[in-house]
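Numbering (my numbering), first residue to last: 7 to 84.
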């Protein structure tokens, strides 16, 4: 999935607005099990999933409780 499709699936923008947004987007690849966000930290980034899935979870009583899965084309933010 390319960035144009991802943006259009989230919210259709004018070509000018999309071009401005794309100027500030860069591609990065993380290995499996990388933590994008950590508890009690302010996050300043939004991620768009190009390939793969993302799992959001909370730790409770020494267990991981999954509460969301993101798929290709989704945006990920805290």
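Note that the Cβ used here is the ideal one computed from N, Cα and C, for glycine as well.
From a predicted model like this one, the values you see are computed outputs, not experimental measurements.
For residue 15, the uninterrupted alpha helix (DSSP H) run begins and ends at 9-16, by DSSP. In this structure, the beta-carbon distance from residue 51 to residue 78 does not fall below 9 angstroms. The criterion of a C-beta distance shorter than 9 angstroms is not satisfied by residue 62 and residue 12. About 20 angstroms separates the CB atoms of residue 49 and residue 17; that is not less than 8 angstroms, and the two are not in contact. CA-CA distance, residue 64 to residue 43, rounds to 11 angstroms.
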